[in-house]
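Q: Take a look at the following structure, please.
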Amino acid sequence: MSRYEIWISFVTIVAREIRRFLRIWPQTIIPPIITIVLYFLIFGNLIGGRIGHMSGLPYIQFVAPGLIMMSVITNSYSNVVSSFFGSKFQKNIEELLISPTPNSVILLGYVVGGMSRGLVIGAIVTIMSLYFAKFSIHDLNVTIAIILMTSMMFSLAGLLNAIYANSFDDISIVPTFVLTPLTYLGGVFYSTQLLDEFWAKAALINPVLYMVNAFRYGMCGVTDIDIFWAFFMVGISIIILFAFTLRQLEYSSSLRS
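Here the sequence shown stands for residues 250 to 506, where the numbers follow my numbering.
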């Protein structure tokens with residue numbers, strides 16, 4: 250394929266993914282926004298008023314970056330896993346795999362589509378959070394970089410889950426037993442400074458911790474983790490996931506059975 254043809258293939262996949270979640274916006278956009286608003290009301294206004302401050306910030310301002318990041322994570326992941334598995338279940342993914350389109354372009358198309366939904370929801374939640382908390386961007390470059398890397402990482406994770414899934418039940422296992430615990434234990438609602446030494450060290454194996462703290466630093470200038478180390482950990486995770494997912498896309502027997 251020529252570069253122009255590869256570009257057309259990529260744009261087509263991305264456009265299809267974006268149209269897909271926009272077409273069913275009452276299911277893909279409204280529910281996560283309602284969920285996050287409830288988090289702001291309960292953890293921010295009601296409970297936050299009793300907690301007071303955390304890491305030198307009003308509690309509502311402390312949790313706002315984590316809630317925004319949580320919306321980006323869950324929507325980037327769910328968009329890719331549901332879309333790719335749907336194509337796999339309907340057997341039309343086989344047509345795409347046997348086409349001249351490189352597997353790397355297929356992978357990037359689905360990933361960018363997932364990132365689009367995550368970033369759209371993240372932007373809406375960020376605008377709505379201004380009603381509950383007042384903050385200014387501390388470092389715009391860090392904020393943009395980490396939210397892009399986070400949406401990319403969980404889009405890749407969603408694609409990997411879809412490749413291995415054999416039923417619709419399988420695509421709910423990872424969000425329930427892996428994604429949700431990682432998110433809630435990733436420093437969204439608390440500072441790791443509150444943990445004892447053992448749990449503080451154990452929390453360092455959670456990739457969400459690095460994402461949330463880097464994003465919180467970008468927005469509020471507060472972090473429990475060294476920023477350079479956070480970007481290094483997220484970057485390494487993306488490289489590993491990309492390489493492994495691409496290999497599975499090329500050789501997985503579950504896609505060709």
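Even glycine gets a Cβ: it sits at the ideal position worked out from N, Cα and C.
Hey, quick one: how far does the alpha helix (DSSP H) through residue 443 stretch, first residue to last?
A: Segment: none, residue 443 is in no alpha helix (DSSP H) and carries neither H nor E.
Q: Hey, residue 504 and residue 408 are a contact pair by Cβ (cut 8 angstroms); roughly how many whole angstroms apart?
A: The Cβ separation is near 11 angstroms, so there is no contact.
Q: In three-state DSSP terms, what is residue 405?
A: helix
Q: Going by DSSP, what residues sit across from residue 303 in a beta bridge?
A: 306
Q: Nearest-angstrom Cα distance between residue 449 and residue 472?
A: 14 angstroms
Q: Leaving out five residues before and five after residue 361 in sequence, what residues of the same chain have Cβ atoms less than 6 angstroms from its Cβ?
A: Cβ within range, chain order: 263.
Q: Residues in the same chain with beta-carbon distance under 8 angstroms from residue 388, minus the five sequence neighbours each way, listed in chain order, please.
A: Correct list, in chain order: 466, 467 and 470.
Q: Go to residue 271, then tell me how far its alpha helix (DSSP H) extends in each direction, as first and last residue.
A: 252-272
Q: Return helix, strand or coil for residue 410, following the three-state DSSP convention.
A: helix
Q: Check residue 288 in the structure and name its three-state DSSP category.
A: helix
Q: If you pair each beta-carbon of the region 386-401 with each one of the region 428-446, do three or more pairs fall below 8 angstroms?
A: no
Q: Nearest to residue 463 by CA position, among 454, 485, 451 and 436, is which residue?
A: 436
Q: Taking just the CA atoms, how far does residue 487 sit from residue 380?
A: 33 angstroms
Q: Around the Cβ of residue 268, are there at least 16 other Cβ atoms within 10 angstroms (buried) or fewer (exposed)?
A: Of the residues assessed, residue 268 falls on the exposed side of the cut-off, its CB having fewer than 16 other CB atoms within 10 angstroms.
Q: Evaluate contact between the region 268-278 and the region 346-357, counting only Cβ atoms and requiring at least three cross-stretch pairs below 8 angstroms.
A: no
Q: Is the region 283-291 touching the region 310-327, taking contact as three or more C-beta pairs under 8 angstroms?
A: yes
Q: Report the three-state DSSP secondary structure of residue 497 (helix, strand or coil).
A: Of the three classes helix, strand and coil, the one that applies to residue 497 here is helix, per DSSP.
Q: Taking the alpha helix (DSSP H) that residue 426 falls in, what are its first and last residues?
A: Counting along the chain, residue 426 falls outside any alpha helix (DSSP H), and DSSP gives it neither H nor E.
Q: Check whether the region 418-438 touches the region 453-461, counting contact only when three or more Cβ pairs, one atom from each stretch, lie closer than 8 angstroms.
A: Yes, the region 418-438 touches the region 453-461.
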